[in-house]
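See below for the structure under consideration.
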Amino acid sequence: MAITLKDLSDRYAVCKGDKFRLKDFAADDTWKLKSKEHATDLMEHSLERLAELQARLYAQNEWALLLIFQAMDAAGKDGTIKHVMSGVNPQGCEVTSFKAPSARELDHDYLWRALKALPERGRIGIFNRSYYEEVLVVRVHPEFLAAQKLPQKLITNHVWKERFEDISSFERYLDRNGIIVRKFFLNVSKDEQKERFLKRLDDPKRNWKFSAADIRERQCWPKYMEAYEDTIRHTACGHAPWYIVPADHKWFTRLVVASVIVETLESLNLKFPEVAPEVRKEFAAARAALAKER
Ligand code: ATP
Ligand code: MG
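Here this note's numbering is used: the first residue of the sequence shown is 16, the next is one more, and so on.
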């Protein structure tokens, strides 16, 4: 039987983290789809559906959708965001990239900059990296935590557990306010990352994407994987699931992400606002006025 967008979305979802293990998810998985050509119809269908659902989300102006992308370098965050959002109305969508915090940002709590970037009702907000860096890169590099100007007394052995709790509470708060959270870990293998780095080094058009820091982070690969696994274990839940998206084949990554977004929006039962009968009566007058024009 042919697979559906819902099958794809369900297959990579982690809604309860306690038994989560990264090694149960293959980075090069493409499930029953043998090639990009095999997936063309599904991809086209998902992008069409996404455009239709976004129009309703925007018109209804009640729910908002927050999509969080986390990954190692060169896993394809940028390309996935660009591709999946290619069919949506730019007015209803905003992408925010989170880099190392500025001096001003370090003068605030770590959620401050994320709060300011949350999507309005009716919109899709995309976080290219996010507050999850606070339990990933900051955990892998303790010097980043030291630079955060936290009162010394607050930095204990419980700091990561406390951050997981605070992030989970924050996401519950968002959910209770009608901001639906979906989190993607683009799961690229270390071998595929190497291939992509080599391409960036060899191809002049891709040179700009390469940074020496990428090699340093690559050397911390096992620590990052541990941090990702622990993070997903502690922060995956029904209202803010993680999706472990295979990322060795870009076409498949894009299809899975599009499927998740479509399925999430489908579940909201979005409707164009209905016009009240008294307003509808005014339509006749408007039509008549337009007809009189020459
Ligand atoms: P690209 O795919 O283009 O490399 P990128 O998301 O890696 O995209 P970069 O400008 O290369 O963008 O890197 C941003 C860096 O900022 C990442 O290494 C990330 O870990 C780091 N960063 C993000 N948030 C924090 C934070 N709170 N503390 C410290 N570093 C952070
Ligand atoms: Mg980078």
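Heads up, the beta-carbon is just placed ideally off N, CA and C, and yes, glycines get one too.
Practice problem: Check the C-beta distance from Val99 over to Ala273 and give it rounded, since I have them as a contact under 8 Å. | Solution: Start at 1 with the first residue of the sequence shown, and residue 99 comes out as number 84. Start at 1 with the first residue of the sequence shown, and residue 273 comes out as number 258. Rounded, the Cβ-Cβ distance is 5 Å, consistent with contact.
Q) What do you reckon, are the CB atoms on Leu285 and Leu133 nearer than 8 Å? A) Working through the sequence shown from its first residue, we reach residue 285 at position 270. Working through the sequence shown from its first residue, we reach residue 133 at position 118. Cβ distance not < 8 Å, so Leu285 and Leu133 don't count as in contact.
Kindly list the residues whose CB is nearer than 7 Å to the CB of Trp266, restricted to its own chain and excluding five residues on each side of it in sequence; keep chain order.
As a first step, residue 266 is located in the sequence shown; it is residue number 251 there, counting from the start. Hits under 7 Å: Lys51, Ala54.
Could you give the uninterrupted runs of the beta strand (DSSP E) lying entirely in the segment 180 to 245, keeping only those of 3 residues or more? 194 to 202
Discussion item. Suppose you measure from the CA of Gly193 to the CA of Glu297; what does that come to, to the nearest Å?
Written reply: Start at 1 with the first residue of the sequence shown, and residue 193 comes out as number 178. Start at 1 with the first residue of the sequence shown, and residue 297 comes out as number 282. When rounded, the distance between both Cα atoms is 32 Å.
When burial is assigned at 16 or more other CB atoms within 10 Å of the CB, is Arg302 buried or exposed?
As a first step, residue 302 must be located in the sequence shown, where it is residue number 287. It is exposed - the Cβ of Arg302 has fewer than 16 other Cβ atoms within 10 Å.
Quick check: is any heavy atom of the ligand ATP less than 7 Å from the C-beta of Ser117? Position 102 of the sequence shown, counting from 1, holds the residue named residue 117. No, the beta carbon of Ser117 sits no closer than 7 Å to any heavy atom of the ligand ATP.
If you reduce the DSSP assignment to three classes, tell me which class Ala79 lands in. Numbered from its first residue, the sequence shown carries residue 79 at position 64. Ala79 falls in the strand class under three-state DSSP.
Between Ala79 and Glu158, how many whole angstroms is the CB-CB distance? I'm expecting something under 8 Å. The residue you call residue 79 lines up with position 64 of the sequence shown. The residue you call residue 158 lines up with position 143 of the sequence shown. Not a contact, Cβ separation roughly 35 Å.
Contact under 8 Å by Cβ, Leu48 with Glu244: The sequence position of residue 48 within the sequence shown is 33, counting from 1. The sequence position of residue 244 within the sequence shown is 229, counting from 1. Not a contact, by the Cβ cut-off of 8 Å.
Check: Can we say the segment 140 to 148 touches the segment 205 to 220, given the rule of at least three CB pairs closer than 8 Å?
Finding: no
Checklist entry - Which partner residues does Ser112 have in the DSSP bridge list? => result Numbered from its first residue, the sequence shown carries residue 112 at position 97. Beta-bridge pairing links Ser112 to Asn143.
request  = Please name the residue or residues paired with Ala255 in a DSSP beta bridge.
outcome  = Counting from 1 along the sequence shown, the entry for residue 255 is found at position 240. Ala255 is bridged to Cys252.
Notebook entry, point to check: What distance in whole Å lies between the Cβ atoms of Leu65 and Gly102, which are believed to be in contact at a cut-off of 8 Å?
Noted result: Position 87 of the sequence shown, counted from the first residue, corresponds to residue 102. Position 50 of the sequence shown, counted from the first residue, corresponds to residue 65. Yes, they are in contact, since the Cβ atoms of Gly102 and Leu65 sit about 6 Å apart, within 8 Å.
Assigned secondary structure, Ala118 (DSSP; H/G/I helix, E/B strand, else coil): In the sequence shown, residue 118 corresponds to position 103, counting from 1. Here Ala118 sits in helix by DSSP.
Flag this pair as touching only if the segment 238 to 256 and the segment 24 to 43 have three or more C-beta atom pairs under 8 Å; answer yes or no.
yes
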